[in-house]
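Every position in the sequence shown, counted from 1, becomes a number in the working numbering once 97 is added. A virtual CB, placed ideally from N, CA and C, is assigned to each residue, including glycine. Taking it in order: structure first as structure tokens, then the write-up.
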Amino acid sequence: MFGLFRKRDDDERAVLVEPWPRIPVAPWAGGGATVEAAALAMPSKRRPSVPGVVFTVPEGRAAVRLDEVHRFLDDETVVLETTHGPTIYAVWTQAWPKKSGTAVGDMLEGEAPGGLAFLAAAVEAPPTVVLRDAELASFRAWVAALPS
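Put into structure tokens, the structure is as follows:
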């Protein structure tokens, strides 16, 4: 039945998406990378978007959920893989020993420990961006200051 009293299915109801962050946050930049806070679209009716960050590095521009970035920076995961856009990996340089027998290990051979490297999905070339020391500390502080 059509008209004013027709019952709508849940599929037809408009879902309001809250912008995130509500207060604009300046992007972080350093070491050849730029990172912006952004709401990421999710395939869910209940939660159509989640807080995330968008990485722009020479290998491309891609995004990942903020909670995954927190887990990575807290050393709960060894590799951070972007989920929105082209696949880019962020890895800790100390997590891959020399002669590890992996493509990532081969590309990071000779890198000093304690850095955060960004690699393209094909892992065919050494990283063009490796955050270290003050840049890495600044990036960590920027992520920690983001509203969740």
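Short of 8 angstroms from the beta carbon of W239, and not among the five residues preceding or following it, lie these beta carbons of its own chain, in chain order: W125, V132. Annotation: A214 to T180 spans about 17 angstroms, alpha carbon to alpha carbon. Where E178 is concerned, the enclosing beta strand (DSSP E) starts and stops at 176 to 178. Within its own chain, the residues whose Cβ lies closer than 6 angstroms to the Cβ of A130, once the five positions on either side in sequence are excluded, are V154, V226, listed in chain order.
DSSP places S245 outside both helix and strand once states are collapsed to three, so it counts as coil. A direct Cα-to-Cα measurement between L233 and G127 gives close to 9 angstroms. Within the segment 135 to 193, the alpha helix (DSSP H) runs of at least 4 residues that lie entirely inside it are, in chain order, 163 to 170.
For I185, the number of other beta carbons within 10 angstroms of its own is at least 16, and it is reported as buried. V150 counts as buried, since at least 16 other C-beta atoms from the protein chains shown sit within 10 angstroms of its C-beta.
Each residue's CA atom was taken as its position, placing S235 and G212 some 13 angstroms apart.
According to the DSSP assignment, V201 belongs to the alpha helix (DSSP H) that extends over 200 to 205. Taking all protein chains in view, the Cβ of V176 is surrounded by fewer than 16 other Cβ atoms within 10 Å, so the residue is classified as exposed.
Residues of the same chain with a CB within less than 7 angstroms of the CB of R229, apart from the 5 flanking positions on each side, are G211, G212 in chain order.
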